[in-house]
Structures are given as C-alpha cells and as structure tokens.
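Peer 1: Structure in structure tokens, see below.
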Amino acid sequence: MGALIDLAGPGAVAQAETLDTPFTPVLVPHLAQAELMVQYQRMLAAGAVPAGLAGHWPLDGNGADLSGLNRPVTAGPDATWSTARAGGALALGGTAGAYASGPSVVDTTAPFTVAAWVQLGDTTAIRTAVSQDGATTSRFLLHFDPTGGGWSFKVRSADQAQKVAAVAGTPVTANTWTHLTGVWDGANVRLYVNGALAGSAADTTTPWDSPQGLNIGRAKWDGAPANRWIGSVDDVRLWGRALTAAEIAVVGGLTARQNNQYSFATANVVWGQPSDPATWFSQARCASFLTKVLKYTYPWAADGSYHQQWFGASSPEAADYQAGFAGNPGPHFRPVLRPADLRPGDLIAVNYNGSDTRNTGHIVMVRSVKGVYTGSAVYPTETQYAVEIIDCTSDAHGVFGVGNYGTYPDTRMVGAVDADNLQGVGIGHMMFYAANDTGYFSRYRWSVNTASDKTYTVTQRPIAAARVV
1 MGALIDLAGP GAVAQAETLD TPFTPVLVPH LAQAELMVQY QRMLAAGAVP
51 AGLAGHWPLD GNGADLSGLN RPVTAGPDAT WSTARAGGAL ALGGTAGAYA
101 SGPSVVDTTA PFTVAAWVQL GDTTAIRTAV SQDGATTSRF LLHFDPTGGG
151 WSFKVRSADQ AQKVAAVAGT PVTANTWTHL TGVWDGANVR LYVNGALAGS
201 AADTTTPWDS PQGLNIGRAK WDGAPANRWI GSVDDVRLWG RALTAAEIAV
251 VGGLTARQNN QYSFATANVV WGQPSDPATW FSQARCASFL TKVLKYTYPW
301 AADGSYHQQW FGASSPEAAD YQAGFAGNPG PHFRPVLRPA DLRPGDLIAV
351 NYNGSDTRNT GHIVMVRSVK GVYTGSAVYP TETQYAVEII DCTSDAHGVF
401 GVGNYGTYPD TRMVGAVDAD NLQGVGIGHM MFYAANDTGY FSRYRWSVNT
451 ASDKTYTVTQ RPIAAARVV
C-alpha cells in the first residue's frame with residue numbers, strides 16, 4: 001500500500017476536516033452548497049424512503065437491521081459476504097446452507113412492500129431472493145421464475161392451491177445487478193424493475209398472515225426450503241404499507257439516475273426542498289455545475305455578467321476557467337499556483353488543449369487535500385498530492401476494488417461494471433503533481449488507479465487553480 005505523508009507548518013497541505021478546531025476555516029459558502037447537492041444526490045442513490053419501514057438489511061458484511069426495530073437476519077453456514085459491490089453483498093451458491101433468515105417483519109394480511117438488489121447467477125430454475133413464510137409455504141416471493149416470464153412477485157394461498165404473480169416478461173441477463181420491488185396493496189400485486197412498473201395482477205387469493213420467518217435466498221414449499229438463490233442479494237427492505245410509484249422510483253434508483261446526470265443539455269441544477277430529496281436536481285457538466293453553484297451562492301455571480309466579463313461566457317467551459325485563472329480572473333478570484341497551497345473550496349481547471357472532441361477540459365472543487373502520495377506513478381522531480389474533490393462527471397474516479405482505490409474512493413462507484421456506476425455530481429479523488437523546484441502544478445492524473453502513461457503534464461493539458469475571495 002502506498003504511503004500518505006501528512007505535512008505540517010507553512011505551505012502544508014490542507015487536511016480533512018477536524019471537529020476540534022472551531023476557529024480554523026474548513027468550509028466556504030460555495031463548497032457548502034455543492035456539498036449539499038452531493039449529499040442529497042447520495043440520499044437518492046441510497047433509496048431513502050423511511051416512512052413505514054419494517055426492516056432494512058444492507059447486507060454489508062453482516063445481517064444488521066438499520067430500520068431501528070432490531071430485527072437482524074442471520075446468515076446460513078454456506079452464505080458468504082461478497083466485496084464485489086460497494087458496501088458488500090450476501091453471496092449465495094444455491095446450497096442448503098446458503099441463505100439468511102430472521103423473524104417475520106410484516107403483517108401479510110395488510111398492505112406491504114418488499115425490495116432488494118439482486119444479481120442472478122443461474123437462470124435455469126426458479127430462484128427466490130426474498131420471501132416471508134408460513135408453516136407450509138411462502139405468502140410472498142420476490143424471485144425469478146423462468147416458466148413464468150422472468151422477474152416475478154408472487155403471492156400464494158395458505159394451502160398452496162392458488163398463486164398470483166406480477167411478471168416483468170422481459171429478458172433477464174445473468175450476473176447483472178437489478179433492483180426488484182414487490183407491492184401488495186390488499187387487492188393487487190405489482191412488480192417494479194429498476195424503479196419502473198413492469199407487471200401487475202389482481203390478487204384472487206385469500207390474505208393470510210405468515211409468521212414463520214423472513215428468508216433471503218430461499219422460499220418455502222410443502223413445509224421445506226425451496227427455490228434456492230444462486231448469485232448475490234443486497235439491500236433488502238420491507239415496509240408495512242404499499243409504497244407509491246414515486247417512492248419506488250426512489251427506492252429502485254430510477255430517480256437518482258434521472259435527477260443526477262452528466263448532461264450536455266442546458267444545465268438544470270435545483271436546490272430542492274430539505275424534506276424531499278426527489279426535488280433536488282443536478283443535470284449538468286463539470287463547468288456548468290460549478291457555475292450554477294457560484295451563481296446560486298454569490299450575488300456577484302448571479303446574473304452571469306461577471307463570468308461574461310472575465311471568462312468570456314455567462315456559463316464558461318472548463319477551458320475558459322483555466323485560461324481565466326491563469327490570466328486575470330477578476331476581483332472575486334485569486335490564483336493558486338501551488339498544489340501545496342490548496343484549500344477547501346478552491347477550483348482547479350484543466351484545459352484539454354483540443355485533445356477531446358466533446359469536452360474542453362475538466363474543473364473540480366477541492367474538498368480536502370489528503371497529503372503527499374507515494375504509492376504509484378511517482379516522478380523523481382515532482383511531488384504528488386491526493387486531492388479529494390467534488391465534481392460532475394460521467395466517469396467516476398478510480399477502478400473499484402483495485403489497488404489503493406479503497407483509500408481514495410468515489411461516491412458514484414457501485415462496482416467493477418461501468419454500467420452499474422452512477423454519474424453526475426459526487427465526491428472523488430484526483431492526483432495533482434507539483435514541480436519540486438517551483439512548487440507549481442506540473443501534471444495530473446484522473447485517479448489513484450490511473451497508470452503513469454495516462455498522466456498529463458501542464459504542457460499537454462494546462463492546469464490553473466483559483467480561490468473565491
């Protein structure tokens with residue numbers, strides 16, 4: 001593992017926020033507003049819908065219940081904890097001991113909702129991700145049924161004679177993370193896939209309570225475990241009510257992907273209602289997001305005339321910011337020439353010098369400087385700094401699970417599959433270098449995982465930073 005060197009004294013790098021220094025500035029107004037936007041988008045990505053929650057098992061290495069109701073599940077002897085997904089997941093191999101179980105948590109004679117992230121490794125047989133059981137059979141099953149059309153949410157009669165299923169009817173791709181939500185509202189069953197309604201059916205069975213336990217990774221039939229899951233299950237939740245379609249869009253990640261986007265369209269950045277994360281939007285690019293933050297925070301930036309005068313556009317591109325910071329950015333910015341002088345809230349702009357056909361460059365906001373990094377991509381005449389940043393991007397910083405990624409992660413990174421990862425605003429880490437003889441910016445790389453041949457010198461891609469004053 002690479003070394004991280006903390007510095008002290010004049011010219012030392014700014015460290016992560018501490019709580020015992022009330023008179024040391026660790027935040028500035030525009031960083032606070034950017035931070036708010038990031039945290040609300042993180043709430044959306046986490047599917048925050050607390051009202052009526054009866055149980056919540058993140059399955060991040062244990063069976064703890066985060067609902068506050070103290071209803072943990074216990075993993076069976078063959079279940080393992082996977083680290084192939086951010087936070088972790090429950091990995092199941094279809095054997096008799098591959099499950100997690102606990103007490104029943106919802107009254108299945110009243111409306112309820114069940115949700116889970118699932119990764120299915122086998123599509124040749126019925127596989128149940130979540131069920132709640134009676135003495136003989138499961139009252140509900142959130143599962144895969146190859147005979148019934150794929151993803152399915154099913155309810156059964158107590159005597160097993162009847163079943164009703166809401167079926168997605170779309171192809172299921174093995175080993176792909178998918179969010180499933182099943183709703184029983186007292187009269188109908190509905191299935192949502194990745195936050196969108198996929199199937200529904202009228203329930204013709206007689207409701208009955210199922211007090212014999214909650215199961216993750218299996219169901220019950222004829223009084224015995226059945227339909228064992230092969231693959232992984234993550235973030236299981238149950239509510240003692242029927243969630244609305246809008247709430248399920250949040251739980252299933254649909255709202256997060258709609259509200260937080262890297263978009264070439266006109267920027268739409270909205271600080272919403274504090275009580276409702278779904279009213280917060282960041283649909284922008286790196287430069288347009290940060291411009292919106294400045295305009296929202298400061299009266300001098302609000303109408304765009306300052307940016308027009310000093311950066312050549314009311315909504316500048318990243319290259320415009322870099323040129324302005326390197327020249328004369330006007331009275332409200334002060335150039336920062338050395339990575340060692342960076343403070344929280346400083347802006348760093350990179351000019352791609354025409355090397356990218358879609359982007360003029362990239363601009364980020366400093367959240368903290370972690371220190372000098374010596375773990376990889378070291379140059380003998382330069383000093384490398386690990387910088388925690390807020391930015392808006394379609395390409396999260398790092399490679400999940402590789403090398404020192406865990407020390408320098410990105411809030412948008414879900415796993416090793418690019419399609420699973422989030423985009424838009426978030427917190428990540430970039431590496432900026434300083435020339436040892438001058439201390440000035442000398443090069444950068446996108447993340448701690450970026451190879452040496454993918455670093456860019458300031459000759460290839462000029463870098464300039466500034467502080468709002």
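Each residue of the sequence shown is one higher than the one before, starting from 1 at the first, in full-length UniProt numbering.
Backbone N, C-alpha and C fix where the C-beta goes; we use that ideal spot for every residue, glycine too.
Using CA coordinates, which residue listed in H30, Q41, G102, V118 is at the minimum distance from G63?
Peer 2: Ranking H30, Q41, G102, V118 by Cα distance to G63 puts G102 first.
Peer 1: Does the distance from the CB of A464 to the CB of P335 come in under 8 Å?
Peer 2: Yes, these two residues count as a Cβ contact at 8 Å.
Peer 1: May I have the straight-line CA-CA distance separating Q261 from P207, to the nearest angstrom?
Peer 2: Near 42 Å, if we compare the C-alpha coordinates of P207 and Q261.
Peer 1: How about S210 and Q160: do their beta carbons lie closer than 8 Å?
Peer 2: No, these two residues do not count as a Cβ contact at 8 Å.
Peer 1: With contact counted as at least three CB pairs below 8 Å, one residue from each stretch, are the stretch 277-297 and the stretch 382-395 in contact?
Peer 2: Touching, yes, given that three or more Cβ pairs across the two stretches are closer than 8 Å.
Peer 1: Taking the alpha-carbon of A224 as reference, which of G134, A249, A166 has the nearest alpha-carbon?
Peer 2: When only C-alpha atoms are compared, the closest one is G134.
Peer 1: Assuming W177 is part of the beta strand (DSSP E), what are its boundary residues?
Peer 2: Counting along the chain, the beta strand (DSSP E) containing W177 begins and ends at 177-184.
Peer 1: What residues match up with T457 in a beta bridge as DSSP calls it?
Peer 2: T457 is bridged to R443.
Peer 1: Would you kindly report the start and end of the unbroken beta strand (DSSP E) that includes V233?
Peer 2: 230-239 is the span of the beta strand (DSSP E), which, as asked, contains V233.
Peer 1: Between which two residues does the beta strand (DSSP E) carrying P225 extend?
Peer 2: Segment 224-226, the beta strand (DSSP E) holding P225.
Peer 1: Quick test of your reading: L59 and G88, contact by CB under 8 Å. State the CB separation rounded to the nearest angstrom.
Peer 2: Going by Cβ atoms, the distance from L59 to G88 rounds to 7 Å, so yes, they are a contact pair.
Peer 1: If you run the structure through DSSP and keep just helix, strand and coil, what is W271?
Peer 2: Coil at W271, not helix or strand.
Peer 1: Going by beta carbon distance, what residues of the same chain come within less than 6 Å of G9, once the five residues before and after it are set aside?
Peer 2: With a pLDDT of 34 at G9, under the threshold of 50, the modelled position of this residue cannot be trusted, and the question is left open.
Peer 1: For M365, which of N259, G426, S305, P316 has the nearest alpha-carbon?
Peer 2: It is G426.
Peer 1: Leaving aside the five residues before and after A405 along the sequence, list all residues of the same chain whose C-beta is less than 7 Å from its C-beta, in chain order.
Peer 2: Inspection of the sequence shows that residue 405 is occupied by Tyr rather than by Ala. Only G398, V399, V448, N449 meet the Cβ criterion.
Peer 1: Would you call the CB atoms of G424 and Q41 closer than 8 Å?
Peer 2: In contact: G424 and Q41 (Cβ atoms closer than 8 Å).
Peer 1: Mapping the DSSP letters down to three states, classify V369 as helix, strand or coil.
Peer 2: Strand at V369.
Peer 1: How would you label G68, buried or exposed, when you count the other beta carbons within 10 angstroms and need 16 or more for buried?
Peer 2: Answer is exposed; the Cβ neighbour count stays below 16.
Peer 1: Name the two residues that bound the continuous beta strand (DSSP E) containing G158.
Peer 2: The sequence given here places Ala at residue 158; Gly does not occur at that position. Neither: A158 is in no beta strand (DSSP E) and is coded neither H nor E.
Peer 1: Going by the CB atoms, is the gap between T176 and V193 shorter than 8 Å?
Peer 2: Not a contact, by the Cβ cut-off of 8 Å.
Peer 1: Would you give the residue range spanned by the beta strand (DSSP E) that S282 belongs to?
Peer 2: Residues 281-284.
Peer 1: For H30, which of helix, strand or coil comes out of DSSP?
Peer 2: Reduced to three states, the DSSP call for H30 is helix.
Peer 1: So the alpha helix (DSSP H) F325 belongs to, where does it begin and stop?
Peer 2: F325 -> alpha helix (DSSP H) spans 318-326.
Peer 1: Counting C-beta neighbours from all protein chains within 10 Å, is the total for P171 16 or more, i.e. buried, or is it exposed?
Peer 2: Exposed, by the Cβ-count rule.
Peer 1: Are R257 and A98 closer than 8 Å when you measure CB to CB?
Peer 2: The answer is no: Cβ separation not under 8 Å.
Peer 1: Does the distance from the C-beta atom of A54 to that of L347 stay below 8 Å?
Peer 2: Contact: no.
Peer 1: How about G150 and V164: are their beta carbons less than 8 Å apart?
Peer 2: No, Cβ-Cβ distance for G150 and V164 is not below 8 Å.
Peer 1: With contact counted as at least three CB pairs below 8 Å, one residue from each stretch, are the stretch 112-132 and the stretch 230-245 in contact?
Peer 2: The answer is yes - the stretch 230-245 touches the stretch 112-132, with three or more Cβ pairs under 8 Å.
Peer 1: Taking Cβ to Cβ, would you say L422 is nearer than 8 Å to T255?
Peer 2: The answer is no: Cβ separation not under 8 Å.
Peer 1: So, under 8 Å CB-CB, A75 and A96 are touching, yes? Tell me the CB distance rounded to an integer number of Å.
Peer 2: About 13 Å; that fails the 8 Å criterion.
Peer 1: Taking all protein chains shown into account, decide if Q384 is buried (16 or more other Cβ within 10 angstroms of its Cβ) or exposed.
Peer 2: Q384 comes out buried.
Peer 1: Using CA atoms only, rank isn't needed, just tell me which of V38, R461, T109, A377 is closest to D453.
Peer 2: Per the Cα distances, A377.
Peer 1: Suppose you measure from the CA of A386 to the CA of P77; what does that come to, to the nearest Å?
Peer 2: If I take the Cα positions, the gap works out to 41 Å.
Peer 1: What does the Cβ neighbour count give for D320, buried or exposed, with the cut at 16 atoms within 10 Å?
Peer 2: With 16 or more Cβ atoms within 10 Å of its Cβ, D320 is classed as buried.
Peer 1: What are the boundary residues of the beta strand (DSSP E) that includes Q212?
Peer 2: It is not in any beta strand (DSSP E) - Q212 carries neither H nor E in the DSSP assignment.
Peer 1: Would you kindly report the start and end of the unbroken alpha helix (DSSP H) that includes R257?
Peer 2: Segment 254-259, the alpha helix (DSSP H) holding R257.
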